[in-house]
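The opening residue of the sequence shown carries number 63 in the working numbering; numbering runs sequentially from there. Each residue gets a CB set at the ideal place from its N, CA and C atoms; glycine is no exception. I have placed the structure first, in the form of structure tokens, so that the comments after it can refer back to it.
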Amino acid sequence: MAATMKDVAEAAGVSIATVSFVLNDTKPVTPETRRRIEQAMADLGFRRNMVARALASRRTRIIALVCPFAADRTAHSLKDFFIGAAQAANEADHHLVIWPVSSDGEALASLVGQKLVDGVVLMEVGLDDVRVEILRQLDTPFALIGRTRDMAGVPYVDIDFEESMRLCIDHLAGLGHRRIAFVNGSEEVPGMAGFGPYVRTEGGLSGHGQEAADAPDRLPLTRHGAGRPAGGA
Numbered sequence: 063m064a065a066t067m068k069d070v071a072e073a074a075g076v077s078i079a080t081v082s083f084v085l086n087d088t089k090p091v092t093p094e095t096r097r098r099i100e101q102a103m104a105d106l107g108f109r110r111n112m113v114a115r116a117l118a119s120r121r122t123r124i125i126a127l128v129c130p131f132a133a134d135r136t137a138h139s140l141k142d143f144f145i146g147a148a149q150a151a152n153e154a155d156h157h158l159v160i161w162p163v164s165s166d167g168e169a170l171a172s173l174v175g176q177k178l179v180d181g182v183v184l185m186e187v188g189l190d191d192v193r194v195e196i197l198r199q200l201d202t203p204f205a206l207i208g209r210t211r212d213m214a215g216v217p218y219v220d221i222d223f224e225e226s227m228r229l230c231i232d233h234l235a236g237l238g239h240r241r242i243a244f245v246n247g248s249e250e251v252p253g254m255a256g257f258g259p260y261v262r263t264e265g266g267l268s269g270h271g272q273e274a275a276d277a278p279d280r281l282p283l284t285r286h287g288a289g290r291p292a293g294g295a
């Protein structure tokens, strides 16, 4: 028979309520008492019932990493974001689920509206992303991997695509290259025209072109591909 909170309380010499405080982090407990309770749980093989915990605290301790169904825009580099987010969630005693939803925001509104998660990390963000406005209106914490046009009051992390473009071109030019080609995402992919990284990279390219106006042979040639190895051929 599986060990219960009562078994843990008896083994640790504390009340069931004190065991609950430790399990749910609802009230402070002295380090010595916490140590005894955790030792009792280990000795008895006690496993927390996550469903019961969620019901008691009204929190799921689940964070949704939301990305759209867009296979053509899903790069291998996204793996680093997945792993990093999972590690950060684990360190905060939360669980991370990767939740692919449509980009129209309907599925996201349902997910968040039903209180299935305690927070949302939204990735593959468009400049005018309806999902961000939905999250603004709902009482659930969220952050973005990427940026919209209006970032007022919204926490986010992002790559500086404009600066990355400048560094790449300057590096190649410094090596003596003058005929530089830039392969960006395909304009034919749905939503690409409003996809933040696509637009900001193009913007960085245009900005560099202005700086290099006195050296037209350095202006990069832009081509568009499908985000696969063949796109660079």
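Are residue i and residue j closer than 9 Å when you measure CB to CB?
i, j, result
"residue 205", "residue 174", "no"
"residue 180", "residue 125", "yes"
"residue 128", "residue 85", "no"
"residue 93", "residue 83", "no"
"residue 229", "residue 242", "no"
Measuring only between beta-carbons, confirm whether residue i sits less than 9 Å from chain C.
i, result
"residue 206", "Protein chain content of the structure displayed is limited to a single chain, and chain C is not contained in it."
Under three-state DSSP, which class holds residue i?
i, result
"residue 274", "Per-residue confidence for residue 274 stands at a pLDDT of 46, beneath the threshold of 50, marking its modelled position as unreliable; no derived number is given."
"residue 130", "strand"
"residue 78", "helix"
"residue 280", "Interpretation of residue 280 is limited by its pLDDT of 47, a score under 50 that renders its predicted location unreliable; no figure is taken from the coordinates."
"residue 65", "coil"
"residue 167", "coil"
"residue 214", "coil"
"residue 238", "coil"
"residue 243", "strand"
Taking the alpha carbon of residue i as the reference point, which residue from the options has its own alpha carbon closest?
i, options, result
"residue 188", "230, 144, 208", "208"
"residue 157", "142, 122, 191, 166", "122"
"residue 154", "168, 241, 237, 87", "87"
"residue 168", "145, 200, 95", "200"
"residue 196", "236, 165, 241", "165"
"residue 244", "191, 214, 231, 217", "231"
"residue 72", "108, 89, 214", "108"
"residue 202", "147, 90, 172", "172"
"residue 184", "106, 193, 237", "193"
"residue 28", "152, 177, 214", "This structure gives no information on residue 28, because the portion of the chain shown stretches from 63 to 295."
"residue 67", "240, 106, 228, 235", "106"
"residue 146", "225, 219, 213", "219"
"residue 211", "229, 190, 148", "190"
"residue 130", "186, 148, 95", "186"
"residue 213", "198, 161, 225, 148", "198"
"residue 65", "237, 110, 80, 95", "110"
Starting from residue i, trace the beta strand (DSSP E) both ways and give me its first and last residue.
i, result
"residue 162", "157-163"
"residue 205", "204-207"
"residue 183", "181-185"
Starting from residue i, follow the alpha helix (DSSP H) in both directions and report where the run begins and ends.
i, result
"residue 148", "140-153"
"residue 221", "Careful: residue 221 lies outside any alpha helix (DSSP H) and carries neither H nor E."
"residue 194", "192-199"
"residue 106", "93-106"
Would you check whether the ligand GTP has a heavy atom nearer than 8 Å to the C-beta of residue i?
i, result
"residue 147", "Only the bare structure without any ligand can be found here, which leaves the ligand GTP out of the picture."
Using 8 Å as the Cβ pair cut-off and three pairs as the minimum, do the stretch 68-84 and the stretch 93-102 touch? Proximity of the stretch 68-84 to the stretch 93-102 meets the contact definition, three or more beta-carbon pairs being nearer than 8 Å.
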